[in-house]
Amino acid sequence: MKGLALAFIAIAITAAGALCLAGAGKSAAQIDWSKAEPVRVELVNYEFVPNELRFHHDLPHRLRLLNAGQDGHDFTAPEFFASVELKEAAVLNESRSSVFLAPGQQTEIYFIPRKAGRFALHCADHDWAGMTATITVE
Ligand SMILES: [Cu+2]
Numbered sequence: 001m002k003g004l005a006l007a008f009i010a011i012a013i014t015a016a017g018a019l020c021l022a023g024a025g026k027s028a029a030q031i032d033w034s035k036a037e038p039v040r041v042e043l044v045n046y047e048f049v050p051n052e053l054r055f056h057h058d059l060p061h062r063l064r065l066l067n068a069g070q071d072g073h074d075f076t077a078p079e080f081f082a083s084v085e086l087k088e089a090a091v092l093n094e095s096r097s098s099v100f101l102a103p104g105q106q107t108e109i110y111f112i113p114r115k116a117g118r119f120a121l122h123c124a125d126h127d128w129a130g131m132t133a134t135i136t137v138e
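Going letter by letter, the sequence shown gives residues 1 to 138 in our numbering.
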């Protein structure tokens, strides 16, 4: 019985590993970004809409950010950005932790999440007002 359970666990781990490897091992230049999953987030006064983002491990995404508020807002998620592979790092600030949008401005970030887990997202100017959100990579 114990042997059977161990065998099952081994198969499950192998299957999960194969899924994770499907998008791995390709450099940014080899990735087909045209197949990126589109995700749209609006920044308003003072929240992210939606405020729970979900991305998929090792799959390309196109994150479109739009500042629909009257103030400048930023999308700050240092741990998240440190864990992804970016198509173009230049869309972020110098410390690769954040992107700032003036009112009415929009931008697109192409990336592949390389680490599963939960990450904090906030607007550095308005987190005191509750402008926070979570990112889940599954
Ligand atoms: Cu803000």
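Quick reminder that beta carbons are idealized off the backbone N, C-alpha and C, glycines included.
CA-CA distance, P113 and L92?
Looking at the two C-alpha atoms, the distance is approximately 16 Å.
Could you check whether the stretch 27-35 touches the stretch 68-83, counting it as contact only if at least three pairs of C-beta atoms, one from each stretch, sit closer than 8 Å?
Contact check between the stretch 27-35 and the stretch 68-83: fewer than three CB pairs, one atom from each, fall below 8 Å, which does not count as touching.
Would you call P38 buried or exposed, if buried means 16 or more other Cβ atoms sit within 10 Å of its Cβ?
Counting Cβ neighbours within 10 Å, P38 comes out exposed, since fewer than 16 surround it.
Going by alpha carbons, who is nearest to L59 out of H73, V44, F100 and V84?
Comparing C-alpha distances from L59 to each of H73, V44, F100 and V84 shows the shortest one belongs to V84.
Kindly identify the DSSP beta-bridge partner or partners of Y110.
Paired residues: R62.
Going by other Cβ atoms of all chains shown within 10 Å of its Cβ, with 16 needed for buried, is K87 buried or exposed?
That one is buried.
Any heavy atom of ligand 1 within a distance shorter than 7 Å of the CB on H57?
Remark: the shortest separation between the CB of H57 and any heavy atom of ligand 1 does not fall under 7 Å.
Is DSSP giving D127 helix, strand or coil here?
Residue state, collapsed to three classes: helix.
Pick from A124, T132 and D74 that is closest to Q106, judged by C-alpha positions
Answer by Cα proximity: D74.
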